[in-house]
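In the numbering used here, the protein residues as written are 41 to 134.
By construction, the Cβ of each residue, glycine as well, lies at the ideal position given by its N, Cα and C atoms.
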């Protein structure tokens, strides 16, 4: 029994070259990725607790590491600096 043929619109759109196949598949993949990213960003912005924790947690970790490495790491006295700079002063901008 012969295999059923694919619909005409699918037969015409099937590329013969693998590079063309990758290009044709990239469009729907990027479209789906964009939809997922948009959906996640909307959910993220509506959940204020998640938004606040996403902003506060990196600062908290920065303070914890700065306090922990205060006596371990530091920026040595190297030109053009005149003094020793502690890690907590170095890691916190401004």
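Exercise. Residue 88: beta carbon under 7 Å from a heavy atom of the ligand NAD?
Worked result: No copy of the ligand NAD appears in this structure; indeed no ligand is present at all.
Exercise. Distance, Cα to Cα, residue 98 vs residue 104?
Worked result: For the purposes of this step, residue 98 is taken as the residue at position 58 of the chain shown. For the purposes of this step, residue 104 is taken as the residue at position 64 of the chain shown. Spanning the two alpha carbons is a distance of roughly 10 Å.
Exercise. Between the C-alpha atoms of residue 92 and residue 71, what's the straight-line distance to the nearest angstrom?
Worked result: Counting from one through the chain shown, the residue named residue 92 turns up at place 52. Counting from one through the chain shown, the residue named residue 71 turns up at place 31. About 29 Å.
Exercise. DSSP on residue 88, reduced to helix/strand/coil?
Worked result: Locating residue 88 in the chain shown gives position 48, counting from the first residue. Of the three classes helix, strand and coil, the one that applies to residue 88 here is helix, per DSSP.
For this session: Give the secondary structure of residue 123 by DSSP, where H, G and I count as helix, E and B as strand, and everything else as coil.
Result: Here the question's residue 123 lines up with position 83 in the chain shown. Coil at residue 123, not helix or strand.
For this session: Could you give the DSSP three-state label for residue 109: helix, strand or coil?
Result: Residue mapping note: residue 109 aligns to position 69 of the chain shown, counting from 1. Three-state result, residue 109: coil.
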